[in-house]
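Numbering (the working numbering), first residue to last: 1 to 450.
For reference, the structure discussed in these notes is given below.
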Ligand SMILES: Cc1ncc(COP(=O)(O)O)c(C=O)c1O
């Protein structure tokens with residue numbers, strides 16, 4: 001527990017008096033100061049292993065020396081000049097690099113912004129304009145961001161949608177194919193992809209497919225609890241889109257840039273999307289987003305339909321170029337796949353010992369550990385997740401949960417096996433403490449979570 005005298009306590013108290021409630025999801029009173037690789041330090045000098053990586057932003061780790069060097073060099077040369085009126089070399093080079101590393105053997109164009117939210121907004125605009133259609137399909141429990149467009153795409157939290165309407169019209173949400181907690185009550189044996197059937201039924205009865213501009217899908221539903229869809233589902237959905245002239249947009253803000261053991265998550269499914277929306281990890285913590293789309297789509301609107309004064313900031317672009325170099329030089333995509341496999345196996349072993357672990361899933365180092373009150377009913381163990389994450393934080397592991405009960409294991413891709421082992425050991429120790437009733441209920445006053 002943070003003591004009253006600590007700097008963290010004072011800053012958290014002042015923070016609580018000045019920051020609006022809407023701006024932070026409460027897990028634990030962490031006041032960060034510095035970071036290196038997979039380690040974080042708070043303002044009181046306490047060290048942590050970081051299993052959150054700033055919400056899947058720091059794939060290259062905290063303060064990777066090559067990224068830092070690129071940022072410093074660029075800051076000394078030019079901090080910013082708006083790409084709304086001028087070009088700069090690094091933005092052009094980065095756009096070419098993003099076109100190179102994204103799937104699709106066709107001509108692409110790249111539009112830059114600052115956040116995942118604005119990239120999703122831009123993609124809605126361009127999809128509507130290009131297709132001449134207004135309707136958009138996205139998924140229940142998806143989080144796509146905090147601007148009006150991206151909130152309208154999202155369907156995860158009533159707090160995001162309450163009191164602010166009207167949202168964007170013509171956005172339809174369908175169930176994500178969640179094979180552990182099938183929203184339609186099926187198990188693998190009885191599954192004939194009724195979830196996709198719901199979209200087909202919608203196309204027959206109330207959602208004219210020729211009026212649908214795009215489907216936005218995360219290749220793993222991140223904030224829904226790291227849910228991996230069946231390959232067959234993604235392929236059939238893609239084919240359905242092709243059949244009806246609907247754009248398939250892979251929303252990779254959280255899952256892109258090596259996180260899943262491929263450059264982009266959609267590559268696991270052998271489909272080539274019309275567009276990829278990315279942000280978070282692309283500049284290792286500098287604000288940057290990008291829409292990478294087929295040329296004819298991305299180039300459809302006229303200026304100034306989608307530009308930002310600060311979009312494509314030179315420091316962010318240099319950081320992104322350095323990020324790509326680091327990922328390639330240190331083979332972080334392969335490393336993510338390898339370490340992800342290792343971590344999943346470690347948690348599967350724990351699952352045999354602790355029935356509170358209902359499911360272990362993920363791709364690469366994007367892993368969800370689903371805690372259940374009962375392995376048969378799969379009732380979400382919300383208090384357990386809250387108490388375990390809080391106690392892990394006390395023990396020096398930054399870990400949060402999603403969807404009420406899913407431990408989010410998304411460390412930097414540079415993390416060492418030893419650090420992973422240390423983190424997993426803390427989680428096991430904490431599960432035992434939880435099961436022995438050693439974590440007090442008052443923790444639940446602090447931890448709110450998603
Ligand atoms: C899948 C996904 N899309 C979009 C966003 C929004 O990105 P940003 O917070 O950079 O606007 C997030 C952020 O958590 C995300 O996880």
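For glycine and all other residues, C-beta sits at the position ideal for the given N, C-alpha and C.
Treat the numbers as computed from the prediction; the structure is a model and nothing was measured.
With 16 other Cβ atoms within 10 Å as the buried cut-off, status of residue i
i: residue 2; result: Reliability fails at residue 2, whose pLDDT of 48 lies under 50, so the model's placement of it is uncertain and no value is given.
i: residue 229; result: buried
i: residue 165; result: exposed
i: residue 413; result: buried
i: residue 81; result: exposed
i: residue 150; result: buried
i: residue 62; result: buried
i: residue 162; result: exposed
i: residue 15; result: exposed
i: residue 439; result: buried
i: residue 377; result: exposed
i: residue 232; result: exposed
i: residue 205; result: exposed
i: residue 35; result: buried
i: residue 91; result: buried
i: residue 19; result: exposed
i: residue 358; result: buried
i: residue 72; result: exposed
i: residue 234; result: buried
i: residue 346; result: buried
i: residue 238; result: buried
i: residue 241; result: buried
Beta-carbon proximity check, residue i vs residue j, cutoff 8 Å
i: residue 336; j: residue 113; result: no
i: residue 104; j: residue 272; result: yes
i: residue 261; j: residue 58; result: no
i: residue 136; j: residue 124; result: yes
i: residue 326; j: residue 66; result: yes
i: residue 391; j: residue 74; result: no
i: residue 194; j: residue 184; result: yes
i: residue 255; j: residue 291; result: no
i: residue 131; j: residue 213; result: yes
i: residue 227; j: residue 178; result: yes
i: residue 506; j: residue 448; result: Here the chain comprises residues numbered 1 to 450, so residue 506 is not present and cannot be evaluated.
i: residue 156; j: residue 143; result: yes
i: residue 268; j: residue 363; result: yes
i: residue 134; j: residue 216; result: no
i: residue 277; j: residue 127; result: no
i: residue 174; j: residue 199; result: yes
i: residue 372; j: residue 361; result: no
i: residue 332; j: residue 60; result: yes
i: residue 145; j: residue 122; result: no
i: residue 367; j: residue 430; result: no
i: residue 406; j: residue 225; result: yes
i: residue 300; j: residue 99; result: no
i: residue 236; j: residue 196; result: yes
i: residue 298; j: residue 111; result: yes
i: residue 12; j: residue 31; result: yes
i: residue 428; j: residue 350; result: yes
i: residue 176; j: residue 370; result: no
i: residue 244; j: residue 210; result: yes
i: residue 384; j: residue 426; result: no
Expected contact under 8 Å - CB spacing of residue i and residue j to nearest Å
i: residue 309; j: residue 282; result: Not a contact, Cβ separation roughly 19 Å.
i: residue 411; j: residue 118; result: Contact doesn't hold; Cβ gap of about 27 Å is too wide.
i: residue 294; j: residue 279; result: Actually they are not in contact, since the Cβ atoms of residue 294 and residue 279 sit about 20 Å apart, beyond 8 Å.
i: residue 420; j: residue 259; result: That pair is no contact at about 15 Å.
i: residue 398; j: residue 52; result: 5 Å
i: residue 339; j: residue 386; result: With a Cβ gap of about 27 Å, residue 339 and residue 386 do not count as contacting.
i: residue 311; j: residue 83; result: 6 Å
i: residue 8; j: residue 29; result: 6 Å
i: residue 88; j: residue 287; result: Not confirmed; about 16 Å, so no contact.
i: residue 404; j: residue 382; result: 5 Å
i: residue 450; j: residue 223; result: 6 Å
Please give the ranges of any beta strand (DSSP E) in the stretch 52-124, keeping only runs that are unbroken, at least 3 residues long and fully inside the region. 108-113
3 or more residues per run - each beta strand (DSSP E) lying fully within the stretch 285-336: Every beta strand (DSSP E) stretch that sits fully inside the stretch 285-336 and reaches 3 residues is listed by chain position as 289-294.
In chain order, each alpha helix (DSSP H) run of at least 4 residues that lies wholly inside the stretch 217-273: Within the stretch 217-273, the complete alpha helix (DSSP H) segments of 4 residues or longer fall at 231-244, listed in chain order.
In chain order, which continuous runs of the beta strand (DSSP E) of length 3 or greater are located wholly inside the stretch 148-199? 171-174
Whole alpha helix (DSSP H) runs in the stretch 403-445 with 4 or more residues, listed along the chain? Taking only runs of at least 4 residues, the alpha helix (DSSP H) segments lying wholly in the stretch 403-445 are 417-435.
What are the complete alpha helix (DSSP H) segments, minimum 4 residues, inside the stretch 5-45? 7-18
Which runs of the alpha helix (DSSP H) spanning at least 4 residues fall entirely within the stretch 371-398, listed in chain order? Counting whole runs of 4 or more residues, the stretch 371-398 contains the alpha helix (DSSP H) stretches 382-394.
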